[in-house]
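Residue numbers (the numbering used here), protein chains in the order written: chain A, 120 to 377; chain E, 95 to 341. Remarks on the structure that follows.
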C-alpha cells in the first residue's frame, strides 16, 4: 500500500473519528471541563492565599509559601498527580469512595496554585507603594487597602498570565488518567487514547487533540483581547480632556458651577 | 469653599526623632500650628519634610517624640482611626486608577464611615463640585490632567471631614500651568479655617497663605515664624543660603 496513504489514514480516518465523536462530546468534554474548571477555581483561590503569604511581613507565612511554590512548581505534573492521587487514595476512599476525581482535582489545583500564586504575587508587587500609602492615609487598614486597592489592580495586570495558566490546566487535566478512570469518568484524552489503542488508528486521538485546541485557542485570543483592552484602558488621552477649569481658581473664581 | 471649622484642631509636633537604620532622618523636629492655621514647611530635598508629615498621621511611626492634636497625644490612638481625622494629599495624587473619580471619593465614605450609598454619592458630588470637577465624576483618574487629579485627591480627603489636612508637595508633579488651580483650592481651604501643614517649594504660596513658615534642614526645624520674618529677616545662615537659591 502507498505509505503516504497509510500515513493519512492513520491520522485522518473519518470513520474512526465519527465513531469516537459522540463519546467525546457527551463524556470526554464534560469531564475535561469539570476537571479544568474546578481546578482553576480552587487553584486560583489557593494561589491568591499563596501570593498574600508570599508578600507577608511574617516569615512564618512567607517561607512556607516559598517552599510550597518551589516544590509544586519543581515536580513533574505527572509525579505530583500520582503521588497525591495514589498516595492519598486510602484516605480519599473513606471520604468520597473510589472516585479518583476529587484527588485528581486536588492535585491539579495544588500544581496550578504554585504557578498562579507566583503570577498574582508579581502582579500585586508591581502596584506602586504609593497606592498603599494613599489608601492607608484615608484610614483603611492594611488588609482593607490590600483587598480594595492593591489586589484588584495587581490581578488586572496579570490576567493574561493567569489565563495562560488556565490553558496549561486544561492540558494537564489529561494526566488524571494515571489514577484509573471507569468508562464514564474518562476525559477527552483517555477516550481518544482508548479508541486509538483498540483500533490501532490514531484518528480518535487526533480528534481529542482538536477538542483541546477548540478549548485552548479561543482562550489564547481572550488573553490577547484582555491584554489589548488593559493597554488601551491604561493609555489615557489627557491632552484632549484638559479643559480651562485647570487654569481657573475654582473656589475663588466661582468656576465650580460649570 | 465651605469647611466645617468647628472640627479644626491645633497641631503640635514635639521633638520627633526617626532613623532608617543608621540614617537619622528626623533629629528632634518641632512644629506648631494654631487651630485653623496654615504652616508651610520649606527646605532642601532630603531635609525630612515629607517624613515629618508622615509622622503626623503615623504613616511612619516616630522613634521618639510626640504629636499632639488639641494638646492630646495621638500616639495612643488607633492609627487607622487617627488617619480618618487627618487628610493627606500626595505629590503623585495616589488616586486609585481602577475606579471612577466618584468611587475614589465615596470608597472611604462607604467602607469606613459606613454611609449609605446615596448619602456617600451626594457628599462626594458636593465635594467634587467644590473643586470644580463635578462633571468628571464618572471619568477614570487616568483620563484627567494632573491638576484635575490633584483636585480630586483633595476632594477625596476633604469628604472625610478631616480636622487637619497635610499636603506633601502637592503641586511638584504638575505642569506649571496647572499649579495655580491646585494652589487656589488650597488657599481657599486655608482661608476657610482648615488646620493645614503644607510641604511645598512654592515660596509665593508660603508667603501669601501661611501663618507660619518652618524651615527644615537635616531633620530639624531650624527656624520658623511668620512669613515676613522668615523671608525678609532670616536669622540662620543656612536659611539665608536656601532662600538665595530658591527666590
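Every residue, glycine too, gets a C-beta built ideally from N, C-alpha and C.
Chain E within 9 Å of residue i, Cβ atoms only
i                     : result
residue 239 (chain A) : no
residue 136 (chain A) : no
residue 216 (chain A) : no
residue 173 (chain A) : no
residue 249 (chain A) : yes
residue 254 (chain A) : yes
residue 365 (chain A) : Because the pLDDT at residue 365 (chain A) is just 40, under 50, the model does not fix this residue reliably, and the point stays unresolved.
Contact set for residue i: own chain, Cβ-Cβ below 7 Å, skip 5 residues either direction
i                     : result
residue 311 (chain E) : 137, 138, 141, 332
residue 187 (chain A) : 169, 233
residue 251 (chain E) : 181, 182, 183, 259
residue 139 (chain A) : 310, 311, 314, 323, 326
residue 294 (chain A) : 196, 197, 200
residue 180 (chain A) : 172
residue 329 (chain E) : 317
residue 318 (chain A) : 135
residue 228 (chain A) : 158, 161, 162, 165
First through last residue of the beta strand (DSSP E) which encompasses residue i
i                     : result
residue 317 (chain E) : 314-319
residue 292 (chain E) : 289-293
residue 232 (chain E) : Looking at the DSSP string, residue 232 (chain E) is not in any beta strand (DSSP E), and its letter there is neither H nor E.
residue 121 (chain E) : 117-127
residue 279 (chain E) : No beta strand (DSSP E) holds residue 279 (chain E); the alpha helix (DSSP H) holding it covers 270-285.
residue 181 (chain E) : 180-183
residue 195 (chain E) : Careful: residue 195 (chain E) lies outside any beta strand (DSSP E), inside the alpha helix (DSSP H) at 195-205.
residue 258 (chain E) : 258-262
Element boundaries [alpha helix (DSSP H), containing residue i]
i                     : result
residue 246 (chain E) : 240-253
residue 214 (chain E) : 211-224
residue 125 (chain A) : 122-130
residue 189 (chain E) : Where residue 189 (chain E) is concerned, there is no enclosing alpha helix (DSSP H), given that its DSSP letter is neither H nor E.
residue 306 (chain E) : Segment 306-311 is the beta strand (DSSP E) holding residue 306 (chain E); no alpha helix (DSSP H) there.
residue 229 (chain A) : 220-245
residue 212 (chain A) : 208-215
Burial state of residue i, where buried means 16 or more other Cβ atoms lie within 10 Å
i                     : result
residue 281 (chain A) : buried
residue 274 (chain E) : buried
residue 262 (chain E) : buried
residue 316 (chain A) : exposed
residue 320 (chain A) : buried
residue 343 (chain A) : exposed
residue 248 (chain A) : exposed
residue 135 (chain A) : buried
residue 250 (chain A) : buried
residue 237 (chain A) : buried
residue 341 (chain E) : exposed
residue 268 (chain A) : buried
residue 175 (chain E) : exposed
residue 230 (chain E) : buried
residue 239 (chain E) : buried
residue 177 (chain A) : exposed
residue 158 (chain E) : exposed
residue 126 (chain A) : exposed
residue 289 (chain E) : buried
residue 327 (chain E) : exposed
residue 143 (chain E) : buried
residue 359 (chain A) : Note that residue 359 (chain A) scores 41 on pLDDT, short of 50, meaning its location in the model is unreliable and no value can be drawn from it.
Own chain, CB closer than 6 Å to residue i, minus 5 neighbours either side, in chain order
i                     : result
residue 299 (chain E) : 277
residue 272 (chain A) : 246
residue 323 (chain E) : none
residue 296 (chain A) : 309
Chain A contact for residue i (CB, 9 Å cutoff)
i                     : result
residue 186 (chain E) : yes
residue 124 (chain E) : no
residue 162 (chain E) : no
residue 87 (chain E)  : Residue 87 (chain E) cannot be examined here, being either before or after the span of chain E that is shown, 95 to 341.
residue 182 (chain E) : yes
residue 178 (chain E) : yes
residue 175 (chain E) : yes
residue 189 (chain E) : yes
residue 153 (chain E) : yes
Other residues of its chain near residue i: CB distance less than 8 Å, five sequence neighbours each side excluded
i                     : result
residue 341 (chain A) : 282
residue 268 (chain E) : 240, 241, 244, 276
TODO: Could you list the residues in the stretch 191-206 of chain E with a C-beta less than 9 Å from some C-beta on chain A, going in chain order?
DONE: Along the stretch 191-206 of chain E, going in chain order, the ones with a CB nearer than 9 Å to a CB of chain A are 191, 192, 193, 201, 202, 205, 206.
Task: Where the stretch 294-325 of chain E meets chain A: residues whose CB sits under 9 Å from a CB there - done: none
Open item on the list: Give me the subset of the stretch 256-280 of chain A whose CB atoms are less than 8 Å from a CB atom of chain C, sorted by chain position.
Closed with: Among the chains of the structure shown, chain C does not appear; the protein chains present are A and E.
- [ ] Residues of the stretch 244-255 of chain E with a CB closer than 9 Å to any CB of chain A: list them in chain order, please.
- [x] 245, 247, 250, 251, 254
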